[in-house]
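Residue 59 in this note's numbering sits at position 58 of the sequence shown, and the numbers go up by one each step. No residue lacks a Cβ here, since even glycine has one placed at the ideal position from N, Cα and C.
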Amino acid sequence: MKELRANTSPQPSAIVLVGFMGSGKSSIARRLARRLQCDAVDLDSYIEQRAGRRIAEIFATDGEPAFRDLETAALAECLGKADVIATGGGIVARERNRDLLRAAAAQGALIVYLRASPEVLARRIRRQPGKRPLIDGQAVLNEEETRRRVEHLLAARAAHYESCSNLVVDTDNMSLEQAMRHIISHRIQSGVQDG
Ligand code: S3P
2 MKELRANTSP
12 QPSAIVLVGF
22 MGSGKSSIAR
32 RLARRLQCDA
42 VDLDSYIEQR
52 AGRRIAEIFA
62 TDGEPAFRDL
72 ETAALAECLG
82 KADVIATGGG
92 IVARERNRDL
102 LRAAAAQGAL
112 IVYLRASPEV
122 LARRIRRQPG
132 KRPLIDGQAV
142 LNEEETRRRV
152 EHLLAARAAH
162 YESCSNLVVD
172 TDNMSLEQAM
182 RHIISHRIQS
192 GVQDG
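If you want it as structure tokens, here you go:
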């Protein structure tokens, strides 16, 4: 990770990616950073580096609320420093995080909801088995059970992703590259200058 700038207010041209697990946030953030030649931070990796432990380990030993505290602190820190931020899928679960995202949007940040159907998300999640404590961290799941859990959690979060974002990208039929290009062209149409 590049060294981050020491600012405290959100980057006015920051791009923040939100969306469910498996929506492509981390991969698209990396592509955006390469294309825009800027910093990108993945909040999960940021938390892991700071804590010196994997996310699954933090969930297992300290529990989800402790992870959410680390996540809120990481979001607040990174909004002031990074140009592109990939959040974790549960970022919208806390009101404080939603407020932080909306405040960043009000200051000019582009908050992108990478929307995808439960079928597509479940398929992508199953490609990295055991990585997500809230879906398949405890047991290997078949396709149907994975989709059922995704549907359940997505139903609780979908409205929050939408209310915190100022751009929704439907990614079911898009490659990562196409999603990245879509975000860049929206940014250009909105008149944001690079650099
Ligand atoms: C979570 C999503 C994960 C990670 C943690 C919790 C969630 O990030 O932050 O396992 O609650 O949706 P990804 O969306 O990058 O998988």
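In the same chain as Thr-73, and ignoring 5 residues on each side of it, the C-beta atoms closer than 7 Å to its own belong to Arg-95, Arg-97 and Asn-98, in chain order. For Asp-45, the Cβ falls inside the 7 Å cut-off from some heavy atom of the ligand S3P. Taken through DSSP and simplified to helix, strand or coil, Ala-41 comes out as strand. In the structure shown, Ala-140 adopts coil according to DSSP, grouped into three states.
Per DSSP, Val-151 has no beta bridge partner at all. Linking Ser-176 to Arg-116 through their CA atoms gives a straight-line distance of about 13 Å.
No heavy atom of the ligand S3P is found nearer than 7 Å to the CB of Gly-53.
Between Val-19 and Ile-92, the beta carbon gap of about 6 Å places them in contact (Cβ cut-off 8 Å). The three-state secondary structure of Val-17, taken from DSSP, is strand. Within 7 Å of the C-beta of Leu-102 there is not a single heavy atom belonging to the ligand S3P. Contact check for Val-42 against Ala-83 passes: the beta carbons are separated by less than 8 Å. For Glu-144, the CB contacts under 7 Å within the same chain, skipping 5 residues up- and downstream, are Ala-123 and Arg-127 in chain order.
Following the DSSP letters along the chain, one finds Arg-116 inside the beta strand (DSSP E) bounded by residues 111-116. Assignment of alpha helix (DSSP H) within the region 71-127, counting only whole runs of 4 or more residues, yields 96-107 and 119-127 in chain order. Between Ala-180 and Gly-25, the C-beta spacing is below 8 Å.
Between Leu-44 and Ala-15, the C-beta spacing is not below 8 Å.
The residues Ala-106 and Ile-112, in chain order, have a CB closer than 6 Å to that of Asn-167 in the same chain once the five nearest residues on each side in sequence are set aside. Closer than 7 Å to some heavy atom of the ligand S3P: that does not describe the Cβ of Arg-116.
The beta carbon of Pro-130 lies closer than 7 Å to those of Asp-137 and Val-141 in the same chain, with the five residues before and after it left out. Within 10 angstroms of the beta-carbon of Ala-30 lie 16 or more other beta-carbons, which makes it buried.
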